[in-house]
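Working notes, structure below.
Residue numbers (the UniProt record's numbering): 1 to 216.
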C-alpha cells in the first residue's frame, strides 16, 4: 500500500514514517499542504494520514476539497479531542480519527480497520452521471453499465489518480503498452475509445503536454 503522510511535527512524522516502512508499505512524508499537493501530482495514494494544523493551511479544508476530486481513504490525526472537533473531522469525510498522542499499535489498528471495512477496496467515485469503482472494475454512465478493456481501465486509473493534473503522453503510453496495444498511435486510439464511453469532454487534450481528466 502507498501512503501519504501530511504532518509538520518532526518527532511524530519520523516515528510514523519509520513504523509504516517497517510494516512494508511505501510512504511519502509531506510537512505542508503545498508539499502534499506536489506529491499527489506525481502519483496516487491508497491512504492519507492527515494532521489538522499545518503551517500553510487547515487539514480539514484540504480533506473537504480532496473529497470533491478523488475520495482517498483518510485517517485524521489531531491533538484536539473535543466531541465537536471529532464530528467536524468525520463530517468532512475522514474514515478514521486519532487523537494525539497515539501509539504505533493504535495506528496499525486504525489502518487495518479502514482496510477491513472496505473503505479502500470499494470506494466509489460518483460525478456528473458517472459511477466508478476501480477496485471492482465497475463503471456506470447515467445508470447504464459500461464495459472497458483492461487497457482502458489502466488509462482511466492513471488519469483518475491525478484529477485535474496533466498526465504526459509518455506516462499513458507506458500504461497502454503494458496491455500489448503497440500501434504507433495506440495512446490516441485508447483515449478516443475512452472518450466515447465516459464522455468526450471528460478528457482534455493539452497540446504538447498530455491529457487531463475533468471530473466537475
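C-beta atoms are modelled at their ideal positions from N, C-alpha and C, and glycine is treated no differently.
For residue i, which of the options has the nearest alpha-carbon?
i, options, result
"residue 187", "159, 199 and 86", "159"
"residue 144", "132, 150 and 157", "132"
"residue 130", "46, 165 and 202", "202"
"residue 19", "107, 150 and 80", "107"
"residue 100", "170, 193 and 52", "52"
"residue 197", "149, 165, 16 and 177", "149"
"residue 37", "24, 5 and 23", "5"
"residue 116", "81, 73 and 125", "73"
"residue 35", "56, 15 and 17", "56"
"residue 112", "47, 40 and 192", "47"
"residue 194", "15, 154, 94 and 127", "154"
"residue 209", "176, 78 and 170", "170"
"residue 125", "214, 30 and 185", "214"
"residue 139", "199, 39 and 189", "199"
Go ahead and label residue i buried or exposed: buried means 16 or more other beta carbons lie within 10 angstroms of its beta carbon, across all protein chains shown.
i, result
"residue 66", "buried"
"residue 59", "buried"
"residue 54", "buried"
"residue 90", "exposed"
"residue 151", "buried"
"residue 21", "exposed"
"residue 26", "exposed"
"residue 162", "buried"
"residue 11", "exposed"
"residue 147", "exposed"
"residue 172", "buried"
"residue 204", "exposed"
Just verifying my parser: in three-state terms, what is the DSSP assignment at residue i?
i, result
"residue 76", "strand"
"residue 98", "strand"
"residue 168", "strand"
"residue 106", "helix"
"residue 82", "coil"
"residue 22", "helix"
"residue 145", "strand"
Since residue i is in the alpha helix (DSSP H), which residue starts that stretch and which ends it?
i, result
"residue 193", "186-198"
"residue 157", "150-160"
"residue 210", "No alpha helix (DSSP H) holds residue 210; the beta strand (DSSP E) holding it covers 210-213."
"residue 36", "33-40"
State the start and end residues of the unbroken beta strand (DSSP E) segment that holds residue i.
i, result
"residue 28", "26-30"
"residue 51", "47-51"
"residue 4", "2-6"
"residue 64", "No beta strand (DSSP E) holds residue 64; the alpha helix (DSSP H) holding it covers 59-67."
"residue 141", "138-141"
Pull up the CB-CB distance for residue i and residue j, whole angstroms please, since I reckon it's below 8 Å.
i, j, result
"residue 75", "residue 98", "6 Å"
"residue 49", "residue 16", "7 Å"
"residue 167", "residue 211", "6 Å"
"residue 45", "residue 83", "Not really, about 29 Å apart at Cβ, beyond 8 Å."
Between residue i and chain B, is the shortest Cβ-Cβ distance under 8 Å, so that the two count as touching?
i, result
"residue 49", "Although the question refers to chain B, the structure presented lacks it and comprises just one protein chain."
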